[in-house]
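Taking it in order: structure first as structure tokens, then the write-up.
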Amino acid sequence: MSDIDFGVHQEYTIFGNYTIPVGFTFDGIPENISMSTPDNGIIFSRTMQVESNLLNVRMTLEFKRTFYTADTYPEFKEFYKKLFDKLNEQVVIKKKATP
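Following the numbering used here, the numbering of the sequence shown begins with 1282 at its first residue and continues without gaps.
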């Protein structure tokens, strides 16, 4: 294993607004979450909010620490495993029952 060097502090934010057609509803959305590495060197947050047929999403990934030595790789790897598990959570949309 070798060291990980990001070079500089970085922050990425993704905003998304998703509208579903009339006659459909959001049946399930992933929970809002904030998680970080044990040293708070990397922080991820996700907020999702439903308003009628609109889903607002905001995700932020911040790298406060720029350098990780090879001996810290296991906690770095574990954080990324959890991060990708969270990113793979799905939004469930269902068609409304018609009377």
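Backbone N, C-alpha and C define an ideal beta-carbon position, used for all residues, glycine too.
Using three-state DSSP, classify residue 1284 as helix, strand or coil.
-> Here residue 1284 corresponds to residue number 3 of the sequence shown, with the count starting at 1. In this structure, residue 1284 counts as coil in the three-state DSSP scheme.
Residue ranges of each beta strand (DSSP E) run of no fewer than 3 residues wholly in the stretch 1299 to 1328, ordered along the chain?
-> 1305 to 1309, 1314 to 1317
At what residues does the alpha helix (DSSP H) containing residue 1370 begin and finish?
-> Looking up residue 1370 in the sequence shown gives position 89. First-last for residue 1370: undefined, no H or E at that position.
Output the residue ranges of the alpha helix (DSSP H) runs that lie fully inside the stretch 1335 to 1365 and measure 4 residues or longer, sorted by chain position.
-> none
Assigned secondary structure, residue 1331 (DSSP; H/G/I helix, E/B strand, else coil) = Taking the sequence shown and counting its residues from 1, one reaches residue 1331 at position 50. If DSSP states are grouped into helix, strand and coil, residue 1331 belongs with the strands.
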